[in-house]
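See structure below.
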Amino acid sequence: MDAESLVARASEGERMETGWGELNWKVTDSVMAGAEMTLGTCYIKSGERNQLHSHPNCEEFLHVLSGVCEHRLDNVTVTLKAGDTIRIPRNIKHWARAIGAEPLLALIMFSSGKRQAVNHEGDGSGVA
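For the sequence shown, this note's numbering gives the first residue as 104, with consecutive numbering after it.
As structure tokens, then:
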């Protein structure tokens, strides 16, 4: 085993800039061969939100590092602040919106290294 292949360095990852913010995938099956989970960060600009989407092959955990967000799960909306974590079961339609003056920074984790996302509002790009 090559220990270096098991380390995600701070300068590495798959960055995806979006109109609402940025996703930075640190661990996926394609970034770290054989990974059985996905780990990344989600940055959402103040007042913006990602598209309504779902994950057919995995559940998601979103842990708020800074900022405040509204998080919609199907037809229910909850408010999350720094230190809060939400579990999103597979196939549940959801989005997050940064509220207040500060952007949202969240750690996002998925139960599959090959996370799939279905965009229910558009072309499928830029969804967490």
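The C-beta atom is built at its ideal place from N, Cα and C for all residues, glycine as well.
Would you mind giving the Cβ-Cβ distance between residue i and residue j, rounded to the nearest angstrom? I have them listed as a contact below 8 Å.
i: Ala-199; j: Arg-152; result: 6 Å
i: His-174; j: His-158; result: The pair is not a contact, with the Cβ atoms about 14 Å apart (cut-off 8 Å).
i: Glu-205; j: Gly-170; result: 5 Å
Can you tell me which of the options puts its alpha carbon nearest to the alpha carbon of residue i?
i: Glu-162; options: Leu-126, Thr-141, Thr-180; result: Thr-141
i: Leu-210; options: Arg-118, Leu-168, Trp-123; result: Leu-168
i: Val-221; options: Glu-205, Ser-149, Ile-195, Leu-207; result: Ile-195
i: Ile-147; options: Ser-214, Lys-129, Ile-202; result: Ile-202
i: Val-130; options: Gly-122, Gly-143, Thr-121; result: Gly-143
i: Leu-176; options: Lys-184, His-166, Leu-155; result: Leu-155
i: Asn-127; options: Gly-137, Gly-225, Gly-116; result: Gly-116
i: Cys-172; options: Leu-165, Leu-183, Asn-178, Val-179; result: Leu-183
i: Phe-164; options: His-223, Ser-114, Lys-217, Met-212; result: Met-212
Could you pull the DSSP bridge partners for residue i from this structure?
i: Leu-142; result: Val-130, Met-212
i: Cys-161; result: For Cys-161, which the question treats as bridged, DSSP gives no partner whatsoever.
i: Lys-184; result: Val-171
i: Glu-151; result: Beta-bridge pairing links Glu-151 to no other residue.
i: Trp-198; result: Arg-175
Is it buried or exposed for residue i, if we count other Cβ within 10 angstroms and need 16 for buried?
i: Val-181; result: exposed
* Just checking, does the segment 182 to 192 make contact with the segment 109 to 119 on the three C-beta pairs under 8 Å criterion? -> no
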